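Structure first, commentary second.
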Amino acid sequence: MRQAPQKDPFQFGFWLGWILWFAGSLAAAGGLWTWFLTRFFGQVRGEELTMTWAAAVFGSWFLLVVPFMRKKERIWKRLNQDQEKAVDAWLGAMSLLIAFLIASCIFWSWRRSAAISAQGLDVTWLKAVLGTWMLAVMPLLVFMYRKADLILKEAVARQTHTGPKFRTGFVEKSRRLLAPAVKSRLKDIPQTLPQGHIVTAVLSDGRKIPHVFVLNASEILGIYDREAMDFEAGEIVGVEPVEDLPPYEEARWLRLDGRA
18 MRQAPQKDPF QFGFWLGWIL WFAGSLAAAG GLWTWFLTRF FGQVRGEELT MTWAAAVFGS
78 WFLLVVPFMR KKERIWKRLN QDQEKAVDAW LGAMSLLIAF LIASCIFWSW RRSAAISAQG
138 LDVTWLKAVL GTWMLAVMPL LVFMYRKADL ILKEAVARQT HTGPKFRTGF VEKSRRLLAP
198 AVKSRLKDIP QTLPQGHIVT AVLSDGRKIP HVFVLNASEI LGIYDREAMD FEAGEIVGVE
258 PVEDLPPYEE ARWLRLDGRA
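18 is the number of the first residue of the sequence shown in this note's numbering; add one for each residue after it.
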């Protein structure tokens, strides 16, 4: 029987929802930080508090839209595994840089509140904010340098690997998520490898699918010795531990999240 085509979940409604999230999160960030600053400083007045408000609003808005930026790239699948790691590291670093700047602005606005006036910029406040922020981010820059070096080394090692490579295909994550009852059963089975189980999946029609790789006891990530995933995760009613694993041959694994 011919299977009906899967409906694309990333159509008009999906993108409209994200547009509304963009607008709503900006309005929410503005309202929240206005309330917070007026609660502690009485009113947002002077260049110092105005700069603090702007950094806090637009910085926190950036943090709120990071999930969309990551989701967009995963939908379009423009990044390989190494690029995904680099982008995540960059977004994480930017988030921390912004968070440190906001914290520095708020702290020195509180400490220098007596010097803040409606006219003129308190130069001491500006020097204190930037100096504190630079001292705070120096350890972060060292960490990010080491992280970037590690990502580069892993990318070189992976991309220069000349041995057999696993096969890859793309199956929507919703089709690969296990039912809660099956997840509970997996928690009673010892992990085959860190964060992963290799099990025999028992389907509702009685079929058994051997050597199914489940990540974090919730998501089917791969299958051994099969050309495609010709079943749904929702059809799985039970799992059985695999006593004897087959000889590992990377080319016989089919990865299902589309990543190479």
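Where a beta carbon is used, it is the ideal one built from N, C-alpha and C, also for glycine.
Model, not experiment: these values are computed from the prediction.
Check	Outcome
Measure the alpha-carbon distance for S221 versus V188 and round it to whole angstroms.	20 Å
When the distance is taken between beta carbons, is T55 closer than 7 Å to S126?	no
If you run the structure through DSSP and keep just helix, strand and coil, what is E244?	coil
For W270, count neighbouring Cβ atoms within 10 angstroms of its own Cβ and tell me buried if that reaches 16, exposed if not.	buried
What separation, rounded to the nearest whole angstrom, lies between the Cα atoms of G251 and I226?	14 Å
On the DSSP bridge list, what partners appear for R184?	L271
On the criterion of 16 or more Cβ atoms from any shown chain inside 10 Å, does D261 qualify as buried, or is it exposed?	exposed
Can you tell me which of E101, V74, A73, F75 puts its alpha carbon nearest to the alpha carbon of M86?	E101
Check A234 in the structure and name its three-state DSSP category.	coil
With three or more beta-carbon pairs closer than 8 Å as the criterion, would you say the region 148-158 touches the region 112-130?	yes
For Y162, does the count of other Cβ atoms within 10 angstroms reach 16, so buried, or fall short, so exposed?	exposed
Looking at C-alpha atoms only, which residue of L157, T141, L81 is the closest neighbour of L113?	L157
Just how far apart, CA to CA, sit S130 and E64?	12 Å
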